[in-house]
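A.B. asks:
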Amino acid sequence: MDRDATADVNAPHSMGTTIIGVTYNGGVILGADSRTSTGLYVANRASDKITQLTDNVYICRSGSAADSQIVSDYVRYFLHQHTIQLGQPATVKVAANLVRLLSYNNKNMLQTGIIVGGWDKYEGGKIYGIPLGGTILEQPFAIGGSGSSYLYGFFDQAWKEGMTKDEAEQLVVKAVSLAIARDGASGGVVRTVTINSEGVTRNFYPGDQLPLWHEEVEAHNSLLDILNASSPEPMST
Amino acid sequence: MSSIGTGYDLSVTTFSPDGRVFQIEYAAKAVDNSGTVVGIKCKDGIVIGVEKLIASKMMLPGSNRRIHSVHRHSGMGVAGLAADGRQIVARAKSEAHNYESTYGEPIPIKELAERVASYVHLCTLYWWLRPFGSGVILGGYDRDGPQLYMVEPSGVSYRYFGAAIGKGRQSAKTEIEKLKLSEMTCRQGVIEVAKIIYGVHDEAKDKTFELEMSWVCDESNRQHQKVPEALLEEAKAAAKSALEEMDAD
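Right under this line is the structure:
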């Protein structure tokens, strides 16, 4: 039993993850949980899985943490050069294409599921899903990561075209917290990034402020607080 | 206008004392002596027209095309040495294809013009290469609307409302300046370009010519294509009657 536990600590960092990208009337909202696990051990309980590529394009990363970081570093580098050459911001489509070329051409070595989302002046807000093999699919909303399995039915029912920014944000937070409730590999906090013509806004929802679902228990403070309570002597009633 | 660069004109890597590279200027002369190429930007697209001088009566009409499609959304009219022009077109096609394979969208016309220009310029930098003896007028329609560029043998490229190269470029430019391009549709533009080409053709000095025209506009669904037969005939007829009116004066 002990041997199994320690073996996990050396396993490669994988982001079990729940990642989401939705379009709304005027832009896109990207959302993600914050758990990075190595086997059963939570290596980082507050990681940021939403990564910037350019001023107007961000991605949600899932799968192998190392692979998704390397892919996003390369694409950021290429997009930077492309922006200089073009003389104007890159479009979301171009960013998504660069991600998928790397994903597809290195499919034997990589294990990444990526959602690309952003806003450009030609097409407005766009979401592109790029799952494991390197397919690219433009979608009104995209979900990914291990936690997404529990969200397909939810989105079939809850998704609508042309939501407002607030409606879309609430949908994303609700969805990620539902997935966190059911998926052991997702957890921590919910981070969202909103991208539209006005710019980019980051939001943070701490774990203890998320809605509670069926059979979930309210969060309470650490039991260590008992020690700081009135009596200076421990173990006295 | 012409001057001899005795001694300083033997290599494209030699400057003259007054700061000129004569080889490039001589390359431009090859363009100046060829049939006229005209391009205009109308409010809904681009029209390119070429005065294709026919060297021999044995040639099949429609052969030796001077206008080529570079990509779905863009085309080039070529003046000067035909073989050099073919090379430039091939390069442009290749750049357009590679861009789309990498970035997943059709190459912006501005980017295409810059790449063609820098390729042409490249060939003016080394002594073992000679400059291209041809200039091109590149017209295309991308997400920023219709755009017209001209690339000269020196490698400079500018964006234009109306451009002309070749023998009759001076009078062609004068005629283009008289047009109100921002109010004109491509349908009307085709007629005007035909009139200009017929107008600048010198019957006395040159042999017969064939009018070649293409457009890329809203009506052609933003695809670069030959101007449809019917419209081409209409344009030719209008141009011929305009000429007769002028002669009648």
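Chains as they are written, first to last, in numbering that gives the first Met the number 0: chain A, 0 to 236; chain Z, 0 to 248.
Glycine included, each C-beta is placed from N, C-alpha and C at the ideal position.
If you're wondering where the values come from, they're calculated on a predicted model, not measured in any experiment.
1) Give the interface partners of residue 121 of chain A over in chain Z, defined as CB-CB distance under 7 angstroms, in chain order.
2) For the stretch 47–64 of chain A and the stretch 182–197 of chain A, state whether three or more C-beta atom pairs, one from each stretch, are separated by less than 8 angstroms.
3) Answer yes or no: does any C-beta atom of chain A fall closer than 9 angstroms to that of residue 101 of chain Z?
4) Considering only residues of the same chain and omitting the five flanking positions on each side of residue 53 of chain A, which have a CB-CB separation below 8 angstroms?
5) Going by Cα to Cα distance, which pick from Z/159, Z/88, Z/206, Z/123 is closest to residue 8 of chain Z?
6) Is residue 74 of chain A helix, strand or coil when you go by DSSP?
7) At a CB distance below 9 angstroms, what residues from the stretch 90–105 of chain A approach chain Z? Give them in sequence order.
8) With a cut-off of 8 angstroms on the beta carbons, I'd call residue 186 of chain A and residue 61 of chain A a contact; round off their distance for me.
9) Would you kindly work out how many angstroms separate the C-alpha atoms of residue 75 of chain Z and residue 110 of chain A, rounded to a whole number?
10) Please name the residue, chosen from Z/215, Z/170, Z/168, Z/167, that lies closest to residue 188 of chain Z on a Cα-to-Cα basis.
11) Contact between the stretch 143–154 of chain Z and the stretch 105–112 of chain Z: three or more CB pairs below 8 angstroms?
12) Buried or exposed: which applies to residue 165 of chain A, given that a residue is buried once 16 or more other Cβ atoms fall within 10 Å of its Cβ?
13) Beta strand (DSSP E) containing residue 203 of chain A: first to last residue?
14) Quick one: is residue 81 of chain A near chain Z, going by C-beta distance under 9 angstroms?
15) Could I get the ranges of all uninterrupted beta strand (DSSP E) runs contained in the stretch 130–206 of chain A, with 3 residues as the minimum, in chain order?
16) Alpha carbon to alpha carbon, how far is residue 125 of chain A from residue 219 of chain Z?
17) What runs of the alpha helix (DSSP H), each 4 residues or longer, lie entirely inside the stretch 221–248 of chain Z?
18) What in chain Z is Cβ-close to residue 209 of chain A, meaning under 8 angstroms?
19) Output needed in chain order: residues of the stretch 46–63 of chain A with a Cβ under 7 angstroms from some Cβ in chain Z.
20) Compute the distance between the beta-carbons of residue 48 of chain Z and residue 140 of chain Z, then report whether it is under 9 angstroms.
21) For residue 38 of chain A, name the three-state secondary structure that DSSP assigns.
22) Quick check on the burial criterion: 16 or more other C-beta atoms within 10 angstroms. Buried or exposed for residue 195 of chain A?
23) Leaving out five residues on either side along the sequence, give the residues of the same chain with a beta carbon under 7 angstroms from the beta carbon of residue 55 of chain A.
24) Are residue 190 of chain Z and residue 39 of chain Z touching if we call contact CB-CB under 9 angstroms?
25) Run the CB neighbour count on residue 20 of chain A, radius 10 Å, all protein chains shown included, and call it buried at 16 or more, exposed below.
26) Would you kindly work out how many angstroms separate the C-alpha atoms of residue 103 of chain Z and residue 102 of chain A, rounded to a whole number?
27) So with CB distances below 7 angstroms, who are the chain Z contacts of residue 29 of chain A?
28) Whose Cβ in chain C lies nearer than 9 angstroms to the Cβ of residue 85 of chain A?
29) Following the continuous alpha helix (DSSP H) through residue 173 of chain Z, name the residue where it begins and the one where it ends.
C.D. replies: Quick answer:
1) 142
2) yes
3) yes
4) 75, 78, 79, 82, 88, 89, 94, 117
5) Z/123
6) helix
7) 90, 92, 93, 95, 96, 97, 99, 100
8) Contact doesn't hold; Cβ gap of about 14 angstroms is too wide.
9) 44 angstroms
10) Z/215
11) yes
12) exposed
13) 198–204
14) yes
15) 136–138, 140–143, 189–195, 198–204
16) 28 angstroms
17) 228–247
18) The contacting residues do not exist; residue 209 of chain A stays about 37 angstroms from chain Z at best.
19) none
20) no
21) coil
22) buried
23) 88, 117, 118, 119, 194
24) no
25) buried
26) 14 angstroms
27) Under the 7 angstroms cutoff, chain Z gives no residues; its nearest Cβ is about 20 angstroms from residue 29 of chain A.
28) Included in the structure are the protein chains A and Z, with no chain C among them.
29) 168–177
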